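Take a look at the structure below.
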Amino acid sequence: MSLCRSLPIVSLLAAGLLLAACTVGPDYQRPAAPLPADFKHEQGWRTVPPQSWAASGEWWRAFDDPVLTGLLDQAAAANQTLAQAQARFRAAEARWADARSGYSPVLSASVEGQRRGSDESRSVVTGSTVRSGRITESYSAGFNLNWVPDLWGRVRRQVEADRAGLQASAADLAAVRLSMRVSLAQSYVRLRALDRQMALLRQTMEAYDRSLELTRNQYNAGIVARSDVIQAQTQSQSLRTELSDLRNQRAAEENAIAVLIGRAPSEFALAPADRLPTVPALPATLPGVLISRRPDVVVAERQVAAANARIGVARAAWLPELTLSASYGVEADRFGDLLDAPVRVWSVGPSLAQTLFDGGARRAANDLALAEYDEQVALYRQTVLESLQEVEDALAALRFLTRQSEQQDALLALARDNLRVVTNRYRAGMVTFLEVASAQDLALEAQRAQLRILADRLNASIRLAAAIGGGWDLDDPVVQTVVEPPRPWEDEAQ
């Protein structure tokens, strides 16, 4: 090819490369969302002491329960919901890789063979048709190279959208992992609370049995009526009935934990324990920017970025598409000649295509992309607001449950004093067993309420850890740098 002939093609190729630097569509900016400096119900908390879990971000270690930690480790390795999220993440990685392939030319190779035949021909002199058999063969082999330069940034915007989708999938994986851990921790707390409730009932049953024996002795001595004995028996039996219900609840929680750690319920058992996890201390303040690291907030924000990039993809459809093609091959009448004496053929050239009429399809695609972007922006802002609500709810619960726990401790002390006084008066024959039964029920209910409040405080702490994205470690780099959400992937080379 002469230089003069190649100049138009070279010029067009250079123009295509220059235009490939253009990118249509709006550049992404994270939408504004309410992120307060602090929270309404956080005042009055103690400063968090040094914690062994702070450096690793393992918030559950703040509850100081090795069994809970072991269960969470098992769940991280075998939970099937988490395995589904990991598979979705790998699919998002594949979509991102597929989008980036649009930058590259497509090289293909082909080998073709054709055999053609005809069974008649027309005589030029006489005009008559002469029947004859004529067979021709042709063979070819070659390479074809096609490249569509990204003139208007359609591919770049699609890569940007799929990259944001990949980051959203990573955040979704973190959200599933956090949700799994929260569910398991809450089930574990409920199970341990049931252990303590059953232990309390068994202790109370022993006290009730002693009261029943005392009442029988007094009845045999003619001091009290038969009704006192019946009442004492009824009181003791009611606890046995309730103990069976608590065992049923515990079995359900144990089965739930088994499924969360990826095991069949029939193959899992958790021995009773005599203590609940420790209620962790909170820092004096929790910055509102902790919300930015919540997985669901990151998912929503990355979906906004993906929707913004898809606007550019839709707008690029209005512009012409340049295709650069080149091919080189060989042709021959016989297959063996492809290697010995072929005819070499080549071609190179551009093509420019533009859709002139599509019945409004491109306009509809652009309107759809804009509407989906507006929807994702609203979803992101709503997610932030709901996140703030969850944090405030958890902080308020912890604040008021702490006060309620102090008041319940005082009530329990009074109930125990009352039971001791009434029991002594009953032994002296000064009151009926009805007053003893009432005092015993009041003391039991005070102890049970104390356990419920402790379990509620633990659950509120778990909800707070989930509400701020997994713990309150203020050394977290995400808290220190919150202009953008966590993005583990660097920009790909263009």
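So the sequence shown is numbered by the working numbering: it starts at 67 and just counts up by one.
Think of the CB as a built atom: it goes at the ideal place given N, C-alpha and C, for glycine as much as any other residue.
Keep in mind it's a predicted model, so treat the numbers as computed, not measured.
Just verifying my parser: in three-state terms, what is the DSSP assignment at Trp125? Mapped onto the sequence shown, residue 125 falls at position 59. Under the three-state reduction of DSSP, Trp125 is assigned to helix.
Kindly say whether Thr421, judged by its beta-carbon, lies nearer than 8 Å to any beta-carbon of chain C. In the structure shown, chain C does not exist; there is a single protein chain.
C-alpha gap between Gln474 and Leu517, whole angstroms: What you label residue 474 is simply residue 408 of the sequence shown in a count that begins at 1. What you label residue 517 is simply residue 451 of the sequence shown in a count that begins at 1. Between the C-alpha atoms of Gln474 and Leu517 there is a straight-line separation of about 10 Å.
My guess is that Leu257 and Glu320 are in contact by the Cβ rule of under 8 Å, so how many angstroms apart are they, rounded? Looking up residue 257 in the sequence shown gives position 191. Looking up residue 320 in the sequence shown gives position 254. Right, their Cβ atoms sit about 6 Å apart.
Which residue wins for smallest C-alpha separation from Ala463, given the options Asp228, Leu520, Arg447? For the purposes of this step, residue 463 is taken as the residue at position 397 of the sequence shown. Answer by Cα proximity: Leu520.
For Arg71, the three-state DSSP class (helix, strand or coil): Working through the sequence shown from its first residue, we reach residue 71 at position 5. Reliability of the predicted coordinates at Arg71 is poor, the pLDDT of 48 falling under 50, and the value obtained from them is presented with this limitation in mind. Three-state DSSP puts Arg71 in a helix.
Where the alpha helix (DSSP H) containing Pro343 begins and where it ends: On the sequence shown, residue 343 is found 277 positions in, with the first residue counted as 1. Premise fails: Pro343 is in no alpha helix (DSSP H) and is neither H nor E.
For the putative contact between Ala175 and Leu404, defined by C-beta atoms under 8 Å, what is the C-beta separation to the nearest angstrom? Translated into positions along the sequence shown, residue 175 becomes position 109. Translated into positions along the sequence shown, residue 404 becomes position 338. In this structure Ala175 does not touch Leu404 by the C-beta definition: roughly 13 Å separates them, more than the 8 Å allowed.
Do the segment 134-145 and the segment 410-420 touch if we need at least three Cβ pairs shorter than 8 Å? Proximity of the segment 134-145 to the segment 410-420 falls short of the contact definition, fewer than three beta-carbon pairs being nearer than 8 Å.
Among all the DSSP beta bridges, which residues are the ones paired with Tyr205? In the sequence shown, residue 205 corresponds to position 139, counting from 1. Partner(s): Gly179, Ala398.
Might you give, ordered along the chain, the residues of its own chain that have their beta carbon closer than 7 Å to the beta carbon of Gln109, omitting 5 neighbours on each side? By one-based count along the sequence shown, residue 109 stands at place 43. Residue placement at Gln109 is poorly supported in this model, since its pLDDT is 49, which falls under 50; the coordinates still yield a value, given next. Within the same chain, Gln109 has no close Cβ partners at all.
Under the criterion of a Cβ to heavy atom distance below 7 Å, does Asp311 qualify as lining the ligand ZN? You won't find the ligand ZN in this model; it holds no ligand whatsoever.
Kindly provide the ranges of any beta strand (DSSP E) runs that are 3 or more residues long and lie completely inside the segment 374-453, ordered along the chain. You should have 387-398, 409-419.
Quick one: grab the DSSP three-state call for Trp218. Here residue 218 is taken as the residue at index 152 of the sequence shown, counted from 1. Note: Trp218 maps to coil in three-state DSSP.
So which of Asn145, Ala251, Val177, Ala143 has the shortest CA-CA distance to Tyr394? For this step, residue 394 is matched to residue 328 along the sequence shown. Among Asn145, Ala251, Val177, Ala143, the Cα nearest to that of Tyr394 belongs to Val177.
Apply the 10 Å Cβ neighbour rule to Met496 and answer buried if 16 or more other Cβ atoms are within range, or exposed otherwise. The residue given as residue 496 occupies position 430 in the sequence shown. Its Cβ having fewer than 16 others within 10 Å, Met496 is exposed.
For Ile327, collect the residues of the same chain with a Cβ closer than 8 Å to its Cβ; drop the 5 residues on either side in sequence, then sort them by chain order. On the sequence shown, residue 327 is found 261 positions in, with the first residue counted as 1. Excluding residues within five positions, the ones whose Cβ falls inside 8 Å are Leu137, Gln140, Ala141, Ala144, Asn145, Leu250, Phe334.
Ignoring anything shorter than 3 residues or poking outside the segment 448-507, list the beta strand (DSSP E) runs there in chain order. Whole beta strand (DSSP E) segments, 3+ residues: zero.
Can you give the beta carbon distance from Ala380 to Tyr439, rounded, assuming they're within the 8 Å contact cut? Residue numbering aside, residue 380 sits at position 314 when the sequence shown is read from its first letter. Residue numbering aside, residue 439 sits at position 373 when the sequence shown is read from its first letter. So it is not a contact: roughly 10 Å between Cβ atoms.
Please say whether Leu260 and Leu312 have beta carbons closer to each other than 8 Å? For the purposes of this step, residue 312 is taken as residue 246 along the sequence shown, with counting starting at 1. For the purposes of this step, residue 260 is taken as residue 194 along the sequence shown, with counting starting at 1. For Leu312 and Leu260, yes; Cβs fall inside 8 Å.
Could you give the residue range of the alpha helix (DSSP H) that holds Leu138? Residue mapping note: residue 138 aligns to position 72 of the sequence shown, counting from 1. 132-144 is the extent of the alpha helix (DSSP H) around Leu138.
What first and last residue would you give for the alpha helix (DSSP H) that runs through Leu336? Within the sequence shown, residue 336 is the residue found at index 270, counting from 1. Per DSSP, Leu336 lies in no alpha helix (DSSP H) segment and is marked neither H nor E.
Which residue wins for smallest C-alpha separation from Gly91, given the options Tyr169, Arg220, Trp125, Arg166? In the sequence shown, residue 91 corresponds to position 25, counting from 1. For the residues Tyr169, Arg220, Trp125, Arg166, the minimum Cα distance to Gly91 belongs to Arg220.
Could you please give the first and the last residue of the uninterrupted alpha helix (DSSP H) stretch that includes Val295? Locating residue 295 in the sequence shown gives position 229, counting from the first residue. Where Val295 is concerned, the enclosing alpha helix (DSSP H) stretches over 292-326.
Counterpart residues of Asn210 in DSSP-defined beta bridges: Indexing the sequence shown from 1 puts residue 210 at position 144. Looking at the DSSP assignment, Asn210 forms a beta bridge with Ser174, Ser393.
Close-in-space but distant-in-sequence residues of the same chain around Val225 (CB under 6 Å, 5 per side omitted): Within the sequence shown, the letter at position 159 stands for residue 225. Shown here for Val225: same chain residues with a beta carbon closer than 6 Å to its own, the five before and five after excluded, namely Ala165, Arg166 in chain order.
Classification of Asn525 by the beta-carbon crowding that lies within 10 angstroms, buried from 16 upward: Locating residue 525 in the sequence shown gives position 459, counting from the first residue. Answer is buried; the Cβ neighbour count reaches 16.
Check each candidate in Arg482, Glu458, Leu485 and name the one with the smallest Cα separation from Leu101. By 1-based counting over the sequence shown, the position of residue 101 is 35. It is Glu458.
Residues near Ala241 by beta carbon distance below 7 Å, same chain, minus five either side: Within the sequence shown, residue 241 is the residue found at index 175, counting from 1. Contacts found: Pro361, Asp362, Val365.
Reduced DSSP category for Arg200 - H, G, I as helix; E, B as strand; rest coil: As a working note, residue 200 is residue 134 in the sequence shown. In the three-state scheme derived from DSSP, where H, G and I count as helix and E and B as strand, Arg200 is classed as strand.
Are the Cβ atoms of Ala371 and Tyr169 separated by less than 8 Å? The residue you call residue 371 lines up with position 305 of the sequence shown. The residue you call residue 169 lines up with position 103 of the sequence shown. Cβ atoms of Ala371 and Tyr169: not closer than 8 Å.
Is it the case that the segment 230-238 contacts the segment 145-164, given that we only count it when at least three CB pairs across the two stretches are under 8 Å? Enough Cβ pairs lie closer than 8 Å, so yes.
By the three-class DSSP mapping on this structure, what secondary structure does Val248 have? As a position in the sequence shown, residue 248 is number 182, starting the count at 1. Secondary structure of Val248 (DSSP, three-state): helix.
Which of the three DSSP states, helix, strand or coil, is assigned to Thr147? The sequence position of residue 147 within the sequence shown is 81, counting from 1. Of the three classes helix, strand and coil, the one that applies to Thr147 here is helix, per DSSP.
Roughly how many whole angstroms lie between the Cα atoms of Thr344 and Trp126? Within the sequence shown, numbered from 1, the residue matching residue 344 stands at position 278. Within the sequence shown, numbered from 1, the residue matching residue 126 stands at position 60. For Thr344 and Trp126, the distance between alpha carbons rounds to 10 Å.
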